[in-house]
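Below: one structure, written as structure tokens.
Protein chains: 2
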Amino acid sequence: MESQFGDKIRALREKQHLYLRQVAPFLEMDTAQLSKIEKGLRQLKREQIPILSEVLKADKDELLTLWLADQIYAVVKDEKLATEAMQVADKKINLNKRKK
Amino acid sequence: MESQFGDKIRALREKQHLYLRQVAPFLEMDTAQLSKIEKGLRQLKREQIPILSEVLKADKDELLTLWLADQIYAVVKDEKLATEAMQVADKKINLNKRKK
DNA sequence: TATATATTTGCCAATACTTGACAAGTCAAT
DNA sequence: ATTGACTTGTCAAGTATTGGCAAATATATA
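If you read the protein sequences in the order shown, they are chains H and W.
When the letters of the first sequence are read in order and numbered with the numbering used here, they come out as residues 1 to 100.
When the letters of the second sequence are read in order and numbered with the numbering used here, they come out as residues 1001 to 1100.
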């Protein structure tokens, strides 16, 4: 499992019977780039997620969650303290929410 | 709370009655850089954490956890799906652990 | 086998991001 | 007003990431 986001968007694209060549233009990139994104070798830009969700008729929030999870994973993979660090980060997130 | 890591190492440094000028050389940087790190404007390099832990007589794992938490926070702050994304990332971490 | 289409891979220039280094600045104590 | 600690701003240099293209591979089909 290289990239949860990549795996997901590939599955969605195939379910829609779309070729890379049909999806890539919406994201203003070539098939090579999109291929790499699906394989987790490159990152889609955050702001492109809504566009892709539409093309693939997917839930924006679900894709965004997977995309974020990939970013987090890149930071903490191989770290034995990964879980603890996420707990600390989450605590801060929730503190800030309350402040609003 | 700009940076949990920065706040912590500043507190530790002050507890030890050390000046920036006394700590910075161990990290091979000037006081300006260390000042920015303490204020969360720059990142300490991951591999420098053990060095700093020693100088400040701090627990390496605790500092590393805070450092990682800051990195994660940078990714997910302002994201309403932050918590969900961390859960997804954590699940993958634990899967990989089992595979070992 | 040859052709066509889809995807993947490798490369590298272009772009974007981060850091290192220094100078000038503020602040507090004397 | 001087000193020492810390902060801030700037910008060149260093890193990392991306975009774009060409070639390679894979799969299907005549």
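Built from N, CA and C at the ideal position, the CB exists for glycine as well.
Quick caveat, the model's predicted, so the values are computed rather than measured.
Original post:
Is it true that the region 70 to 81 of chain H meets the region 1017 to 1025 of chain W, where meeting means three or more beta-carbon pairs spaced less than 8 Å apart?
Top reply: Verdict: no, contact absent.
**OP:** Could you tell me whether the Cβ of residue 71/H comes closer than 7 Å to any Cβ of chain W?
**Re:** Working through the first sequence from its first residue, we reach residue 71/H at position 71. Closer than 7 Å to the CB of residue 71/H there is at least one CB belonging to chain W.
**OP:** Could you work out which residues of chain H lie near residue 1004/W, taking near to mean beta carbons separated by less than 8 Å?
**Re:** As a first step, residue 1004/W is located in the second sequence; it is residue number 4 there, counting from the start. For residue 1004/W, the neighbours in chain H by C-beta distance under 8 Å run, in chain order, 88 and 92.
Original post:
Can you check whether the CB of residue 3/H is closer than 7 Å to the CB of residue 70/H?
Top reply: For this step, residue 70/H is matched to residue 70 along the first sequence. For this step, residue 3/H is matched to residue 3 along the first sequence. Yes; because the gap between Cβ atoms is below 7 Å, this pair is in contact.
Original post:
For residue 46/H, which three-state DSSP category applies?
Top reply: Locating residue 46/H in the first sequence gives position 46, where the first residue counts as 1. Residue 46/H falls in the helix class under three-state DSSP.
**OP:** Quick one: using the 10 Å Cβ neighbour count with 16 as the cut-off for buried, is residue 1001/W buried or exposed?
**Re:** If you number the second sequence from 1, residue 1001/W lands on position 1. With fewer than 16 neighbouring CB atoms inside 10 Å of its own CB, residue 1001/W falls in the exposed class.
Original post:
Does the distance from the CB of residue 1026/W to the CB of residue 1067/W come in under 7 Å?
Top reply: Residue mapping note: residue 1026/W aligns to position 26 of the second sequence, counting from 1. Residue mapping note: residue 1067/W aligns to position 67 of the second sequence, counting from 1. Result no, Cβ atoms of residue 1026/W and residue 1067/W do not sit closer than 7 Å.
Subject >> Contact belief for residue 9/H with residue 28/H at Cβ below 8 Å, rounded distance in angstroms >> reply: Residue mapping note: residue 9/H aligns to position 9 of the first sequence, counting from 1. Residue mapping note: residue 28/H aligns to position 28 of the first sequence, counting from 1. Beta-carbon to beta-carbon, residue 9/H and residue 28/H are separated by about 16 Å, too far to satisfy the 8 Å threshold.
Original post:
Around the Cβ of residue 95/H, are there at least 16 other Cβ atoms within 10 angstroms (buried) or fewer (exposed)?
Top reply: For this step, residue 95/H is matched to residue 95 along the first sequence. Taking every protein chain shown into account, the CB of residue 95/H has fewer than 16 other CB atoms within 10 angstroms, so this residue is exposed.
Original post:
Can you list the residues of chain W that residue 84/H reaches, using a CB-CB cut of under 7 Å?
Top reply: Against the first sequence, residue 84/H aligns to sequence position 84. Correct list: 1065.
Original post:
Taking 7 Å as the CB-CB limit, is residue 1081/W close to chain H?
Top reply: The count along the second sequence starts at 1 and reaches residue 1081/W at position 81. Yes, residue 1081/W counts as interfacial toward chain H.
Original post:
Is any beta-carbon of chain H found at less than 7 Å from that of residue 1041/W?
Top reply: Walking along the second sequence from the start, residue 1041/W turns up at place 41. When Cβ-Cβ separations below 7 Å define contact, residue 1041/W makes no contact with chain H.
Original post:
How would you label residue 45/H, buried or exposed, when you count the other beta carbons within 10 angstroms and need 16 or more for buried?
Top reply: Reading the first sequence from its first residue, position 45 is the one you call residue 45/H. The residue is exposed, with fewer than 16 neighbouring Cβ atoms inside 10 Å.
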